[in-house]
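Asker: Residue numbers (the working numbering), protein chains in the order written: chain A, 1 to 362; chain B, 363 to 724; chain C, 725 to 1086; chain D, 1087 to 1448.
We treat Cβ as the ideally placed atom computed from N, Cα and C, and that holds for glycine.
Note that the coordinates shown come from a computational prediction; the quantities given were computed from them, not determined experimentally.
Have a look at this one before I ask anything.
There are 4 protein chains.
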Amino acid sequence: MSSNFGTNIKISIFGESHGQIIGAVIDGLPPGEEISIPQIQIQLSRRAPGCTPTSTTRKEKDEVEILTGFLNGKTTGAPLMLAIRNQDTRSANYENISVIPRPSHSDYAAYVKYKGNNDIRGGGHFSGRLTAPLVAAGSICRQILKRRGITIGGHVLQILNVKDPPFDPVNVSEDELQYLSEAYFSTRSKQAKEGMIAEILNAKQNLDSVGGVVEVAVTGLPTGVGSPMFGGIENVLSAAIFAVPAVKGVSFGAGFDYAKMYGSNANDEMYYDGDNVMTYTNNCGGITGGITNGMPLIIKAAIKPTPSIYMPQRSINLQTHENTTLKITGRHDPCIVPRALPAIEAAVAIALTDLMAEANML
Amino acid sequence: MSSNFGTNIKISIFGESHGQIIGAVIDGLPPGEEISIPQIQIQLSRRAPGCTPTSTTRKEKDEVEILTGFLNGKTTGAPLMLAIRNQDTRSANYENISVIPRPSHSDYAAYVKYKGNNDIRGGGHFSGRLTAPLVAAGSICRQILKRRGITIGGHVLQILNVKDPPFDPVNVSEDELQYLSEAYFSTRSKQAKEGMIAEILNAKQNLDSVGGVVEVAVTGLPTGVGSPMFGGIENVLSAAIFAVPAVKGVSFGAGFDYAKMYGSNANDEMYYDGDNVMTYTNNCGGITGGITNGMPLIIKAAIKPTPSIYMPQRSINLQTHENTTLKITGRHDPCIVPRALPAIEAAVAIALTDLMAEANML
Amino acid sequence: MSSNFGTNIKISIFGESHGQIIGAVIDGLPPGEEISIPQIQIQLSRRAPGCTPTSTTRKEKDEVEILTGFLNGKTTGAPLMLAIRNQDTRSANYENISVIPRPSHSDYAAYVKYKGNNDIRGGGHFSGRLTAPLVAAGSICRQILKRRGITIGGHVLQILNVKDPPFDPVNVSEDELQYLSEAYFSTRSKQAKEGMIAEILNAKQNLDSVGGVVEVAVTGLPTGVGSPMFGGIENVLSAAIFAVPAVKGVSFGAGFDYAKMYGSNANDEMYYDGDNVMTYTNNCGGITGGITNGMPLIIKAAIKPTPSIYMPQRSINLQTHENTTLKITGRHDPCIVPRALPAIEAAVAIALTDLMAEANML
Amino acid sequence: MSSNFGTNIKISIFGESHGQIIGAVIDGLPPGEEISIPQIQIQLSRRAPGCTPTSTTRKEKDEVEILTGFLNGKTTGAPLMLAIRNQDTRSANYENISVIPRPSHSDYAAYVKYKGNNDIRGGGHFSGRLTAPLVAAGSICRQILKRRGITIGGHVLQILNVKDPPFDPVNVSEDELQYLSEAYFSTRSKQAKEGMIAEILNAKQNLDSVGGVVEVAVTGLPTGVGSPMFGGIENVLSAAIFAVPAVKGVSFGAGFDYAKMYGSNANDEMYYDGDNVMTYTNNCGGITGGITNGMPLIIKAAIKPTPSIYMPQRSINLQTHENTTLKITGRHDPCIVPRALPAIEAAVAIALTDLMAEANML
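In structure tokens:
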């Protein structure tokens, strides 16, 4: 494993931040599925750099092409190859990184792993830029899932101390998810978003960066998807979500809040609503025993502050083996959270498509 | 996937709570590795039921046998089959569960998935009892990793509002890890443990249960293990850890605390300590870009309260399609956290062994 | 990979010739499938040693138990663990093998691979005895496939110059397959079988052994199973069939006879028989582009002579590093072909079950 | 699985005969490996169409580009993406195929599997054209293997009754392999090649086609590569080789000739040649117990006659559900065997690279 994911639906992601091309191959999708390129572009624009003062000034059109497996607007059943050409690359900015690794970035670990052969320009294959093909692949999966009644959407839940109101886990609105899933820097509250932007711009002014938490929900999943032990929804989704750079925590339902709960208030009691089995609460986030129970999925992911900050930082020189100070140039986001959100939603979409295929429900 | 894990080292777990036998097959371990059965038993006794007032009264000796792939105390290179015989099963207790699913348990989701064919007795294949072969397999992996200088240990970090002091992430003591890794209900502070036990017994008296958080650390991992994107340490470890029933969140390093941090205090600045590359802080938990950076791994896992509580709960009758009340009998833990800890450590050990093999470092 | 097979249905085989137990874990089978143990025993008896003068005198009852994933005669959806206990082991016979490898056996290659740690007794994990759990697992798959109208059967096609009449590939009788699939030393012609037995007994008398070819057919497969490139019927079936020790060639349809054919007589011209699409010939063995076309599958496998012969052979002493002569004792088949047949059928059954699951047709 | 192969080295192939692009993603190759593009072009030219009277007149330059994972002539450790642009496509020729499937081609089976959505032009993803990225990927693997002393080469062994002399399996010349591995329509005997060409041209004149057999050898493999049961050299190589369209049989060493052999002449007796372990014969083709034994690998593959012949053939009309006659136009090879040879060598190279990686020997 590495840049490959999936058992029934297989995704292979390729490319580097400053190479010619980034993209993905997706194998195993059902034939005859209509795919809308404009819808992929909407998702790509949600993660695209250069749109707002809170993000990097690097500008990329991120125009996706589906070069194979796609005929007359439909999947053929053969592997899809998605390509996005890189355009605005300024590799000179990265020259000193090749010997002075950026703290909390992959530079040093990758240098050791690849014995100095990895493409260091813009972070190479480790760059957040590689989330573009992930988002494109995820958009294709979302379109297929949507046709089966499944909607995925999320919002920025927290930046520093500014919090957006969380989803009501027993009552997630498909319409709201749909709306959130097409917005940039999605939040449920306009005010929370303004507060978050103020914090990000403040950090930017201080040559600093901030992290945050996103919350993603999924409605419409049938009961019975996922498996016990290693094949559970939690296992497969977290294995996909952690592919988004800077994600350092993943939780489902009440997640880490379970630590302070008693079983009597944590348990999701059940009832029949007509023929539908429902629960009064949804602390388990729609998953019991690794398997969907028909309630909405509730997922949270913690994202660390962008490690590339403009303040001088203590680092090392891999050539001279001396301690030194690093002053990062280049173009970097003061906060990656709003742009990571569509990537995390995409990872969820890809993982769920794989699990739906496994359950013969695709 | 389902009850299988691993790419280079493959583990397949089998069995049910009230069947004759539970166990695991492990394929791909190096030949010639000495395996100590008593050390496996130490790990099994850490998760065994019936030892203390805070756990279920079901008594199982949990004697493990390695029936294949093992000759003269060493691995042969052929698959190891581990078997543990079930002894103290009282299936009658579970009769009403077969039509009235327990809230927040796998019962209902499994009923739908398996169309009513799954073994409901004691939770069947979904039972926490299946962590016994996981722990046994993990102990074998731990012994192999230990021989390469890698130590895994953890403690109960939190039960309700009682907190054990967390590890100092830049300065994890291998000796302390070793000590913790052999104790039952491991905590770093004796006082914290007493407070936790008091809370658990209090919940038990109230026919209730509690959840918590565990923290696991790993020392001695070489730099350069793990891969970008889907093959990262976080991806693979979380995919393994979520196999432990009741785990609902996994984080690395500062995890969800990153949300409140600025890059300037979140970043782990670097320095040479002689020839060793070190970081002043370790918020990233020893992992950057999905790859180990030579600092200790720091992992947290959130565990929900045992869903089987003795208070009456609202549920449904799958036969009559009516709402009803469930009164659970059987024997259940008021808190699964101390017993889940060795299982989570085992999942970490198995995942790291697989990743070490992938990196040709085993 | 190694002793694991399958993507949707996963099989993990364990055990050694002279250990306590051999068996398999099968994960991913549909729930609610009735499994007949007597039918498994019929298959096991077809490969069991000790039944006839043409096979080894080692006697094994080969009683299979399904210890997990199985309740009230049906699969539960959890992994099945099958166990067969070894009984008649005489390990002393193998002592000199540990330093003097048997020509054309795995001894030397395994010694190098496992650095001398592998269990050499009876060939250990390399023994033909490991086909017993393969046959048992295959029988379970056959029963499931049979319920979907799919029948697998085969016969010994050739021993030295004695040939059994091959199947008519456009007109394979399901009844004949069923009959063959339950017989020992299955042939289509009684006379051919007698000739083969004569050859085998002759070789036995000369302290020698013989090889052969088996032919297996499958009827009732739906059109559209299998995938292009690496996921084709040929790829997956051959990957399974070569797991049977001593198989050195696998072909489909006309196989190696295609070398002498023109396209004009090789091509299988098509016609409608009512609504069914049929072909006038079936040289492609029911597979085009890696995908089933609705005609019977036709598979051949070449099996080498048992390498364990009683004549003295030139070999080497791994301890003294000298050339030497090996005189094999122990109990060995003069011809493994009739006993390999049910194992090859089982491998076909397992691979087809996996492919049917992938095609959402299970 | 489908267009994906490999456990340690992962290859994903994409594209269609008449689409814009064909290519492959290769993940898991070691970093720092020099890759020569001219050497890839040599391999591509061996399978390129349009070079000789014995092949199709379609002309493709087949210029490969490595667009990712490749910097300063070396692998970086990130996934390689190889792309070849299609140029000479004449899709009009394929219009009638969309309703009248070609006998012994994938058309009908693919139509059923993909419910009519597959790209039928030129065979789409099923086309022999997809062997171009396979050959390119294989060439990269060959270059890496060559640096470890491993050489792969082959020749056309048989066309109708014309036979090229087979390799001497105990004495394969690395120099000859190297020579054969760079030639077009490789044979060991010039005379055999002339005879084969005469047969092919004769078939072509008769609007017919012919099949054949190729033989591939590998020298320099270390002892101990491969695993028992499903992970054997035979399993993994055959799973790769059958990805080459038209291959219908694969054998190792004496293969189907074993049927006529006694153990006493089939067994490969052993001796020390200095410190090297050698065998007097090499009927097992360098593999015992699924594991390399240090002798050359000997592999044969049977290839069916090109199914696209110009003679009228009986087929069906999928639209009208009537029997009909098909007259194929388009450009087709009268014999695919010489062009399939480098693809089969490439499949061998890819599979061996994966197995070497598994054995920690890459």
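State the start and end residues of the unbroken beta strand (DSSP E) segment that holds Glu176(A).
Answerer: Where Glu176(A) is concerned, there is no enclosing beta strand (DSSP E), although the alpha helix (DSSP H) it sits in stretches over Glu174 to Leu180.
Asker: According to DSSP, is Asn627(B) helix, strand or coil?
Answerer: Reduced to three states, the DSSP call for Asn627(B) is helix.
Asker: Kindly indicate if chain D contains any beta-carbon less than 8 Å away from that of Thr369(B).
Answerer: Yes, contact with chain D.
Asker: Pull up the distance between the alpha-carbon of Ala601(B) and that of Val710(B), whole angstroms please.
Answerer: Taking the straight line joining both Cα atoms gives about 10 Å.
Asker: Write down the C-beta distance between Phe614(B) and Ser3(A) rounded to the nearest angstrom, noting that I regard them as a contact closer than 8 Å.
Answerer: In fact, because the Cβ distance is near 20 Å, the residues do not count as touching under 8 Å.
Asker: Going by other Cβ atoms of all chains shown within 10 Å of its Cβ, with 16 needed for buried, is Tyr470(B) buried or exposed?
Answerer: The residue is buried, with at least 16 neighbouring Cβ atoms inside 10 Å.
Asker: Which of the three DSSP states, helix, strand or coil, is assigned to Glu719(C)?
Answerer: Outside the modelled stretch of chain C, which goes from 725 to 1086, sits residue 719(C), for which no answer is possible.
Asker: Taking only beta-carbon atoms, is Met1035(C) less than 8 Å away from chain D?
Answerer: Yes, contact with chain D.
Asker: Nearest CA to the CA of Gln1037(C): which residue from Thr1378(D), Tyr1366(D) and Asn1379(D)?
Answerer: Cα-wise, what sits closest to Gln1037(C) is Tyr1366(D).
Asker: Just verifying my parser: in three-state terms, what is the DSSP assignment at Asn810(C)?
Answerer: Three-state result, Asn810(C): coil.
Asker: The alpha helix (DSSP H) that contains Thr1281(D), what's its start and end?
Answerer: Checking the displayed sequence, the identity of residue 1281(D) turns out to be Gly instead of Thr. Counting along the chain, the alpha helix (DSSP H) containing Gly1281(D) begins and ends at Lys1276 to Gln1291.
Asker: Listing by chain order, which chain D residues have their CB less than 7 Å from the CB of Glu16(A)?
Answerer: Near Glu16(A) (Cβ distances below 7 Å), the residues of chain D are Thr1154 and Ala1164.
Asker: Given a threshold of 16 other Cβ atoms within 10 Å of its Cβ, counted over all protein chains shown, does Ala1134(D) qualify as buried or as exposed?
Answerer: Counting Cβ neighbours within 10 Å, Ala1134(D) comes out buried, since at least 16 surround it.
Asker: In chain C, which residues lie less than 7 Å from Asn360(A) when you measure between Cβ atoms?
Answerer: Result: Asn1084.
Asker: Interface residues of chain C around Ala1325(D) at Cβ under 8 Å?
Answerer: The contacting residues are Phe954, Asn959, Val960, Ser962 and Ala963.
Asker: What does His517(B) pair with, by DSSP beta-bridge criteria?
Answerer: Glu577(B), per the DSSP bridge assignment.
Asker: By a C-beta neighbour count over all protein chains shown, 10 Å radius and 16 as the cutoff for buried, is Ala198(A) buried or exposed?
Answerer: Looking at its Cβ environment, which holds fewer than 16 other Cβ atoms inside 10 Å, Ala198(A) is exposed.
Asker: Is Asn360(A) helix, strand or coil by DSSP?
Answerer: In this structure, Asn360(A) counts as coil in the three-state DSSP scheme.
Asker: Is it true that the stretch 1212-1231 of chain D meets the stretch 1097-1106 of chain D, where meeting means three or more beta-carbon pairs spaced less than 8 Å apart?
Answerer: Touching, per the Cβ criterion.
Asker: Buried or exposed: Glu684(B), going by 16 or more other Cβ atoms within 10 Å of its Cβ?
Answerer: With fewer than 16 other Cβ atoms within 10 Å, it is exposed.
Asker: Taking the beta strand (DSSP E) that Glu1151(D) belongs to, which residues open and close that run?
Answerer: Val1150 to Thr1154 is the extent of the beta strand (DSSP E) around Glu1151(D).
Asker: Can you pull the chain C neighbours of Asn366(B), defined as C-beta to C-beta under 7 Å?
Answerer: Neighbours of Asn366(B) on chain C, chain order: Lys734 and Asp751.
Asker: Tell me, please, which residues DSSP counts as bridged to Gln1037(C).
Answerer: According to DSSP, which records beta bridges pairwise, Gln1037(C) is partnered with Leu1050(C).
Asker: If we cut at 8 Å on Cβ distances, does Lys304(A) have a partner in chain B?
Answerer: Yes, Lys304(A) lies at the interface with chain B (some Cβ there is under 8 Å from its Cβ).
Asker: Looking at Asn1041(C) and Ile824(C), is the spacing between their C-beta atoms short of 8 Å?
Answerer: In contact: Ile824(C) and Asn1041(C) (Cβ atoms closer than 8 Å).
Asker: Have a look at Ile649(B), Ala565(B) and Gln449(B) and flag the residue whose alpha-carbon is nearest the alpha-carbon of Tyr672(B).
Answerer: Selected option, being the one with the closest Cα: Ala565(B).
Asker: Using 10 angstroms around the beta-carbon of Lys1386(D), count the other beta-carbons present and answer buried if the total reaches 16, otherwise exposed.
Answerer: Buried: at least 16 other Cβ atoms inside 10 Å.
Asker: What residues from chain A crowd round Asn655(B), counting only those whose CB sits closer than 7 Å?
Answerer: The answer, in chain order, is Tyr108 and Ala109.
Asker: So for Asp1193(D), helix, strand or coil by DSSP?
Answerer: Reduced to three states, the DSSP call for Asp1193(D) is helix.
Asker: Please return the same chain residues whose Cβ sits closer than 7 Å to the Cβ of Ile336(A), not counting the five positions on each side in sequence.
Answerer: Cβ within range, chain order: Gly128, Ala246, Ile303 and Thr306.
Asker: Could you check whether the Cβ of Leu659(B) sits closer than 8 Å to any Cβ belonging to chain A?
Answerer: So no, Leu659(B) is outside the interface.
Asker: In chain C, which residues lie less than 8 Å from Thr437(B) when you measure between Cβ atoms?
Answerer: Per Cβ cutoff of 8 Å: Asn841.
Asker: Under 8 Å Cβ-Cβ, which residues of chain C neighbour Glu1149(D)?
Answerer: The premise fails here: Glu1149(D) is roughly 22 Å from chain C at the closest Cβ pair, so nothing lies under 8 Å.
Asker: Residues bridged to Ile336(A) by DSSP?
Answerer: Per DSSP, none; premise fails for Ile336(A).
Asker: Which residues in chain A sit within 8 Å of Met1167(D), going by Cβ to Cβ distance?
Answerer: Chain A residues near Met1167(D): Phe14, Gly15, Ile21 and Gly23.
Asker: How many Å lie between Asn1204(D) and Pro31(A) at the Cα?
Answerer: For Asn1204(D) and Pro31(A), the distance between alpha carbons rounds to 7 Å.
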